[in-house]
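Per numbering that gives the first Met the number 0, the very first residue in the sequence shown carries number 0; after that it's consecutive.
Virtual Cβ for every residue (Gly too), placed ideally from N, Cα, C.
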Amino acid sequence: MILVGLASALGLAGLAYAVDYAVFRYRVATNRQPFGQITVTSYDAVPQKSGKTQFIFNPPEAQTCVNSLFPREGYVPCWYLQRHAEQRIDM
């Protein structure tokens, strides 16, 4: 019973990935907004000798993302980037 459930979950995930890839390729071929841009704010977290952390805020910048469920062409999905528009960079 567990193996059937695991196999069906894996099959469903594989099907979702394949359909997402096909839709992405269709959007690229017909130039129907396969990519988007989201403004991202990033900041550097620099540890100090005293044990405290200094934060250095960078100006907001537009970051390219892909309109799909999974990462494609080296870009993060837009739905993920919207939820994580503030990015911390640990030094």
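Using CA atoms only, rank isn't needed, just tell me which of the options is closest to residue i.
i: residue 71; options: 38, 85, 20 and 79; result: 20
i: residue 39; options: 49, 60 and 53; result: 60
i: residue 75; options: 37, 87 and 0; result: 37
i: residue 87; options: 12, 29, 17 and 53; result: 53
i: residue 69; options: 17, 4 and 5; result: 17
Roughly how many angstroms separate the alpha carbons of residue i and residue j, rounded to a whole number?
i: residue 64; j: residue 56; result: 22 Å
i: residue 14; j: residue 44; result: 40 Å
i: residue 2; j: residue 9; result: 10 Å
i: residue 48; j: residue 79; result: 34 Å
i: residue 73; j: residue 7; result: 28 Å
Identify, in the order they occur along the chain, each residue of the same chain with its Cβ nearer than 8 Å to the Cβ of residue i, setting aside the five sequence neighbours on each side.
i: residue 90; result: 43, 44, 45 and 46
i: residue 31; result: 25
Give every residue of the same chain whose Cβ lies closer than 7 Å to the Cβ of residue i, excluding the five residues on either side of it in the sequence, and list them in chain order.
i: residue 33; result: 23, 26, 27, 65 and 66
i: residue 0; result: none
i: residue 41; result: 57, 86 and 88
From the DSSP output, which residues share a beta bridge with residue i?
i: residue 56; result: 42
i: residue 89; result: 44
i: residue 4; result: Residue 4 pairs with nothing; no bridge assigned.
Less than 7 Å between the CB of residue i and some heavy atom of the ligand ADP, yes or no?
i: residue 16; result: For the ligand ADP, the structure offers nothing, since it holds no ligand at all.
Hey, residue i and residue j: beta-carbon distance below 8 Å or not?
i: residue 77; j: residue 50; result: no
Counting only the same chain and skipping the five closest in sequence on each side, list residues whose C-beta sits under 6 Å from that of residue i.
i: residue 11; result: none
i: residue 84; result: 39
i: residue 82; result: none
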